[in-house]
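Notes follow the structure.
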Amino acid sequence: MGKFQPLPKAKLAVNSEVPYRFSEIPRDFQGSVRLEFSAGQHATTMDVPVVYMEVPYSDIYISPNGIVGFGERLPDGVTPLQRLNRSAIAPFYAPASDGTVYYRSTSSDQRLLRRLTDYIHKTFADSMDFQTLQATIVTWDGIQNKENDGRATFQLALASDGMISYALIQFLALPWSASAGTYAQSGFAMPDGRYQSNTNSGGPDVKELVGLSNNPEGTSFIFRISGSVIEDPRENPDDYEYTNYDQTDYDGDDKKPPAQCPVDPYNDRCPEGCNILTDERMCSRCVCAEPQPDNAEGMTDDATHEKLPEPPHLARHNLIENRGPTNAVHTQEKTENSGDTRNEEEERRQEKERRLQQETQRERERLRQKIDERRREYDRHQIQRQQEERHKNQEEKMLQGSMHEGGQEQCKCLC
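Here full-length UniProt numbering is used: the first residue of the sequence shown is 1, the next is one more, and so on.
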């Protein structure tokens, strides 16, 4: 999972449409780049940069674990968003064991660009001057968690004009909420340590994102990501569309628990120092503010990213694997050769990164010229609008003056 793979430039064709209405993500990915799942992260550059948190980025890093980074390679494992310290968007961030990732980018498919533009105009009232110049789409199709609980399919679409950028996130199927003892995360991370979580992120209800939306279309989440903060199109960010949220039954003033509640990972054994919280559905769950000793290896977290204890069948499997002399001999042989292998892989990775940086630097001049042209066009548009307004004001003043003079002439005649 740790290898670094630049994308082939010759395959950046786009034939299908995004966003897909009603979360109908088609299975026809002809013309897209199919990323090798086992190769780990993939890097590519874009003709028009995506502006994320006021910083333009021309290169992105795509991880099979359901996250996209900007300008800097992501950690190989899964890290809590609050400690990621990277510019990244995480649609559904969790350890993945299998699936397919598709990537596509276009600045020439006018039908797709117009559709994205129209979608943004419908959701952000102050976006009428925005025109999509670059569309970048990443689709995670049939993603399997470590426990093989089903296949998740979701998508991230980025729309940019070089100055303003938007992110659209869609979920087609989310049959699981946790992988390898960790709940999936959904949200945004910044290099200065700030982060913003989507609803239900880091908890058992995260799989309910498939039925939620933050815009009138009701099929996706959309955010403006180019400003100093992540902007939501809703006036009240708490107004989520809970289309598949279990409703609580009522009998007079007495609340009854619903038929189905999220599974409490600790059952009735809430550790000391943890709290049992009850939500508006009368569902109770043990939540710990500090990491517990049985947390997954290498993963420490707080209440914003809850942990699951290791399932008994996995713990038993690990005990069996670690028992007996055969595995010990095999581990010793691997240890002797691991040093040289790691050095070779690191050299290859660094060489690929250097080549990518050189290629990115050569493209930046062309990108700057394109952005400058876009800005000059925007300035010309603003100047033209100001001139039209001044001309309109002058005409109104002249009309008012003539009406005033006509009134005086009429008054003289009557007098």
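Every residue gets a Cβ at the ideal spot worked out from N, C-alpha and C, and that includes glycine. If you're wondering where the values come from, they're calculated on a predicted model, not measured in any experiment.
Check your understanding: Who are the near neighbours of Asp-232 in its chain, counting only those whose CB is closer than 8 Å to its CB and skipping five residues on each side?
Key -> Take Asp-232, set aside five residues on each side of it, and the residues of its chain with a beta-carbon closer than 8 Å to its own are Asn-214 and Phe-223, in chain order.
Practice item. Determine contact between the segment 187-201 and the segment 77-87, defined as no fewer than three beta-carbon pairs at a distance below 8 Å. Key: Segments in contact, yes.
Check your understanding: Three or more C-beta pairs closer than 8 Å, one from the segment 152-167 and one from the segment 45-59: is that the case here?
Key -> The segment 152-167 vs the segment 45-59: in contact.
Check your understanding: Near Thr-117, what residues of its chain come up, given a Cβ to Cβ distance below 8 Å and the 5 sequence neighbours on each side ignored?
Key -> Same-chain partners within the cutoff: Phe-130, Gln-131, Thr-132 and Ala-159.
Point to revise | Classification of Pro-204 by the beta-carbon crowding that lies within 10 angstroms, buried from 16 upward | key: Buried, by the Cβ-count rule.
Practice item. Grab the span of the alpha helix (DSSP H) containing Ile-120 for me, first residue to last. Key: Annotation: the continuous alpha helix (DSSP H) that includes Ile-120 extends over 110-123.
Exercise for review: Can you give me the start and stop residues for the beta strand (DSSP E) that Ala-159 sits inside?
Suggested key: Membership of Ala-159 in the beta strand (DSSP E) is indicated by the continuous run 151-160.
Check your understanding: Based on the DSSP secondary-structure assignment, which residues constitute the bridge partners of Gln-144?
Key -> BP columns for Gln-144 point to Asp-98 and Arg-151.
Check your understanding: Count the other CB atoms within 10 Å of the CB of Met-403; is the residue buried (16 or more) or exposed (fewer)?
Key -> Around the beta carbon of Met-403, fewer than 16 other beta carbons lie within 10 angstroms, which makes this residue exposed.
Review point. Is the beta carbon of Ser-179 less than 8 Å from the beta carbon of Ala-88?
Key: Contact check for Ser-179 against Ala-88 fails: the beta carbons are separated by 8 Å or more.
Review point. So, helix, strand or coil for Gln-134, using DSSP?
Key: Residue state, collapsed to three classes: strand.
Exercise for review: Determine the burial state of Pro-312: buried for a count of at least 16 other Cβ atoms within 10 Å of its Cβ, exposed for fewer.
Suggested key: Any reading at Pro-312 needs caution, since the residue's pLDDT is 41, under 50, leaving its predicted position unreliable; the model's value is listed next. Taking all protein chains shown into account, Pro-312 has fewer than 16 neighbouring C-beta atoms within 10 Å of its C-beta and is therefore exposed.
**Study point:** Status (buried if at least 16 other CB within 10 Å, exposed otherwise) for residue 432
**Key:** Residue 432 is absent from the structure shown; the chain starts at 1 and stops at 415.
Check your understanding: By how many angstroms is the C-alpha of Arg-380 removed from the C-alpha of Gly-40?
Key -> So the alpha carbons of these two residues sit roughly 45 Å apart.
Check your understanding: What did DSSP end up calling Met-46 once you bin it into helix, strand or coil?
Key -> Look at Met-46 here: in three-state DSSP terms it is strand.
Check your understanding: Does the separation of the CB atoms of Ser-97 and Asn-65 fall below 8 Å?
Key -> If you check the CB distance, Ser-97 and Asn-65 do not come in under 8 Å.
Check your understanding: The beta strand (DSSP E) with Ile-67 in it runs from where to where?
Key -> Unbroken beta strand (DSSP E) run through Ile-67: 67-70.
Practice item. Would you identify the three-state DSSP class for Met-403, choosing helix, strand or coil? Key: DSSP places Met-403 in helix when its eight states are reduced to three.
Check your understanding: Would you call the CB atoms of Ser-186 and Pro-56 closer than 8 Å?
Key -> With a cutoff of 8 Å on beta-carbon distance, Ser-186 and Pro-56 are scored as not near each other.
Check your understanding: First and last residue of the beta strand (DSSP E) that includes Ile-222?
Key -> Residues 221-224.
Check your understanding: Between Glu-351 and the rest of its own chain, which residues show a CB-CB distance below 7 Å, the 5 nearest in sequence each way excluded?
Key -> Cβ within range, chain order: n/a, list empty.
Review point. Count the other CB atoms within 10 Å of the CB of Glu-341; is the residue buried (16 or more) or exposed (fewer)?
Key: Correcting the residue type first, residue 341 is Thr in the shown sequence and not Glu. By the neighbour-count criterion, in which a residue is buried when 16 or more other Cβ atoms sit within 10 angstroms of its Cβ, Thr-341 is exposed.
Exercise for review: Identify the continuous beta strand (DSSP E) that holds Gly-187 and give its terminal residues.
Suggested key: For Gly-187, the enclosing beta strand (DSSP E) begins and ends at 185-189.
Practice item. Give the DSSP-derived three-state secondary structure of Asp-59 in the structure shown. Key: In the structure shown, Asp-59 sits in a strand (DSSP, three-state: E or B).
**Study point:** Contact under 8 Å by Cβ, Ser-220 with Ile-169
**Key:** Between Ser-220 and Ile-169, the C-beta spacing is below 8 Å.
Practice item. Quick one: residues in its chain with C-beta nearer than 6 Å to the C-beta of Asn-139, no 5 flanking neighbours on either side, listed in chain order? Key: At residue 139 the sequence reads Thr, which differs from the Asn that was named. Hits under 6 Å: Tyr-102 and Gln-155.
Check your understanding: Leaving out five residues before and five after Pro-216 in sequence, what residues of the same chain have Cβ atoms less than 7 Å from its Cβ?
Key -> Spatial neighbours of Pro-216 in its own chain (CB-CB distance under 7 Å, excluding positions within 5 residues in sequence) are listed in chain order as Lys-122 and Thr-123.
Exercise for review: Along the beta strand (DSSP E) that carries Phe-37, what are the first and last residues, could you check?
Suggested key: Neither: Phe-37 is in no beta strand (DSSP E) and is coded neither H nor E.
**Study point:** Residues near Gln-247 in its chain [Cβ-Cβ closer than 6 Å; skip 5 each side]
**Key:** In this predicted model, Gln-247 has a pLDDT of only 36, less than 50, meaning its place in the structure is not dependable enough to derive any value.
Review point. For the beta strand (DSSP E) that Leu-174 lies in, which residues bound it at each end?
Key: Note, Leu-174: premise wrong, no beta strand (DSSP E); not H, not E.
Review point. Are the Cβ atoms of Ala-157 and Ala-173 separated by less than 8 Å?
Key: Remark: C-beta atoms of Ala-157 and Ala-173 do not approach each other more closely than 8 Å.
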